[in-house]
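Residue numbers are given in the working numbering: position 102 of the sequence shown equals residue 103, and the series is strictly consecutive. Contents: one structure, followed by commentary.
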Amino acid sequence: MIDVLSGNKRFCENVRSLYGKDANVRDQAERYTVLGAEHINRFAVSSFEFFSSPGRIEICGNHTDHNHGKVLTAAITMDTLSAVTPLTERKVNIYSAGYPLICVDLDDLTLNPAEKGTSTAITKGVAKYFVDHGYNIGGFCATTTSNVFKGAGVSSSSSFELLIAEIFNVLYNDGNIGDIEKAKAGQWAEKEYFGKPCGLMDQSAIALGGVSFIDFENPNDPIVEKVHWNFSNTSIILVNTGGDHCALTHCYADIKNEMEAIAKHFGKEVLRQVSTSDFYSELVALKNKFSGRAIMRAIHYFDENRRVEKALDAAKNQDDSFFDFVNQSGESSYKYLQNCFAPGDVEQPVALALCIISRFDGVKAIRVHGGGFAGTIIVFAEGNGEDIVEKTRKLYGSENVFKVDIRDSGACNTGLRMNKTEA
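As structure tokens, this is what we get:
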């Protein structure tokens, strides 16, 4: 079957669309074949179809979305891939190698506090959002594999959330649910059922695909502008520095809470509702009332919103000043937002990686990636970036350094269907 897929023109086109023009078709054929065989053996089904949900990168706009700010983000060529078969029973069964089987009764979507922090909670939460908003849900079994590495800032949880949302969307809603609505389902599930506070950026990037400017001034109806990525002579490299942010939820919550505390000083709920001039006119009162860190995090927020707009204009015009703004974003995250290492952490894997890799020739921009505190950094490199990749892999291992491309499609049905005799 691997040879058959490798020689299939449509499969080859799908691979290059989902995983980049330089993707190894045979490797993906093997990945799909192994997943399909596991799905048949696990669930004794006769046919299935493949769904794919990407990871994402945050280009600019670090920790602004939860205070209704602006971001520049993109889907990337890592994915959560799933073989899926609809069921007549109203239940969802999902198997992922190395994890407990997920079993959800769609007639009992009650929040169970004991399930917080699990994929079961995410699945139930997405289903509950669909039901509460008048959408259809129905049973399916799925077998998944993922190269969106967990706990390192490329949104493995959001990738899974949008996978579930897209399966319900395609199988039971004729594919008619909009991208932002699916993103909202994922965000709601993560906040209310999984138990992690988050904005809407990760889910939106994964739902939309490509590069997107998103303004969350009205989070119920964000402004979205798709951006064509013109920097063809630039490589994007992700480095998992060895930290894991799974146990750092309180650090992320502190950023949101401190920004909102500053906003409340002005009688507002979030910083987007506070004017920059009002903020700076109140610095004396703020200094006497709040921690220095809280004030600096607010300064980062206001500066970052302006920086996103400048980066957007530069990206549209294929102007290399774009990379200056990315560097400035990273510097602000380090100094003002202070999310490059967790309080008390003497290992500081993200900070160390930034310090070392920024000195490599060919680095155009470098910054902490995503939520921060541990996990990933993002590097924009000249040309193919192979020299930087080689040097970085010596430091962090081949399994922790990834070249990625921008992926144009968001979470989707790949259009590839197979039956038992083909698998």
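Beta carbons are placed, not taken as given, at the ideal position from N, Cα and C, and that holds for glycine.
For Asn221 and His67, the rounded distance between their alpha carbons: Our two residues, His67 and Asn221, have alpha carbons roughly 12 Å apart in a direct line.
Three-pair Cβ contact test at 8 Å for the region 308-324 versus the region 33-46: The region 33-46 and the region 308-324 do not touch, with fewer than three beta-carbon pairs separated by less than 8 Å.
Three-state class that DSSP yields for Arg17 in the structure shown: Arg17: helix per DSSP, three-state reduction.
Buried versus exposed call for Glu270 [16 or more other C-beta atoms within 10 Å across all chains shown]: Exposed, because fewer than 16 other Cβ atoms sit within 10 Å of the Cβ of Glu270.
Run of the beta strand (DSSP E) containing Phe217, from where it starts to where it stops: Element bounds for Phe217: n/a, residue is neither H nor E.
Opening and closing residue of the beta strand (DSSP E) in which Gly56 lies: Where Gly56 is concerned, the enclosing beta strand (DSSP E) starts and stops at 48-61.
Buried or exposed (CB count within 10 angstroms, at least 16 for buried), Tyr253: With a 10 Å radius around the Cβ and a threshold of 16 neighbouring Cβ atoms, Tyr253 comes out buried.
Coil, strand or helix - Thr78 by DSSP: Looking at Thr78 - three-state DSSP - the assignment turns out to be strand.
Burial state of Arg368, where buried means 16 or more other Cβ atoms lie within 10 Å: Its Cβ being crowded by 16 or more others within 10 Å, Arg368 is buried.
Alpha-carbon to alpha-carbon, Thr145 and Gln229: According to the sequence as given, residue 229 is His; it is not Gln. His229 and Thr145: Cα-Cα distance of roughly 30 Å.
Unbroken stretches of the alpha helix (DSSP H), 4 residues or longer, contained in the region 147-195: With a minimum length of 4 residues, the continuous alpha helix (DSSP H) runs that stay inside the region 147-195 are 157-173, 180-189.
Pick from Ala76, Ala30, Asn15 that is closest to Ala412, judged by C-alpha positions: Minimum Cα distance to Ala412 is reached at Ala76.
Beta-bridge partners of Ser236, as assigned by DSSP: Its beta-bridge partners are Ala382.
Integer Cβ distance of Arg360 from Gly210, believed to fall under 8 Å: 34 Å between Cβ atoms; not a contact.
Contiguous beta strand (DSSP E) assignments of at least 3 residues, all confined to the region 358-406: For the region 358-406, whole beta strand (DSSP E) runs of length 3 or above, ordered along the chain, are 364-369, 377-383, 402-405.
Stretch pair the region 111-128 + the region 70-85: three plus CB contacts closer than 8 Å: Result no; under three Cβ-Cβ pairs closer than 8 Å.
Residue from Tyr335, Val275, Gln274 with nearest C-alpha to Met297: Here the closest residue by C-alpha is Tyr335.
Val309 versus Ile224: straight-line alpha-carbon distance, rounded: Computed Cα separation, rounded: 14 Å.
Run of the beta strand (DSSP E) containing Leu417, from where it starts to where it stops: First-last of the beta strand (DSSP E) with Leu417: 413-420.
Span separating the alpha-carbon of Glu261 from that of Ser282: Rounded to whole angstroms, Glu261 to Ser282 spans 18 Å at the Cα level.
Straight-line gap, Leu163 to Ser233 (C-alpha atoms, nearest Å): Cα to Cα, Leu163 sits roughly 28 Å from Ser233.
Residue closest to Pro198, alpha-carbon to alpha-carbon, out of Gly363, Thr242, Ile256: Of the listed residues, the one whose Cα sits closest to Pro198 is Ile256.
Neighbourhood of Thr235 by C-beta, 6 Å cutoff - its chain only, sequence neighbours within 5 removed: Counting only Cβ-Cβ distances below 6 Å, and skipping sequence neighbours, we find Phe381.
Ordered list of alpha helix (DSSP H) runs contained in the region 313-351, each at least 4 residues: Residue ranges of uninterrupted alpha helix (DSSP H) with 4 or more members, entirely inside the region 313-351 and ordered along the chain, are 322-333.
The beta strand (DSSP E) enclosing Ile103, as first and last residue numbers: In the DSSP annotation of this structure, the continuous segment of the beta strand (DSSP E) that includes Ile103 starts and ends at 103-106.
Per DSSP, cross-strand counterpart(s) of Tyr96: Thr144, per the DSSP bridge assignment.
9 Å Cβ cutoff met for Phe161 and Leu88: No; because the gap between Cβ atoms is not below 9 Å, this pair is not in contact.
Identified DSSP bridge partners for Lys71: Beta-bridge annotation (DSSP): Lys71 is paired with Asp216.
One or two residues paired with Ser83 in a DSSP bridge: In the DSSP output, where bridge partners are listed per residue, Ser83 has Phe52, Thr145.
Distance CB(Ser158)-CB(Ala184) smaller than 9 Å: Cβ distance not < 9 Å, so Ser158 and Ala184 don't count as in contact.
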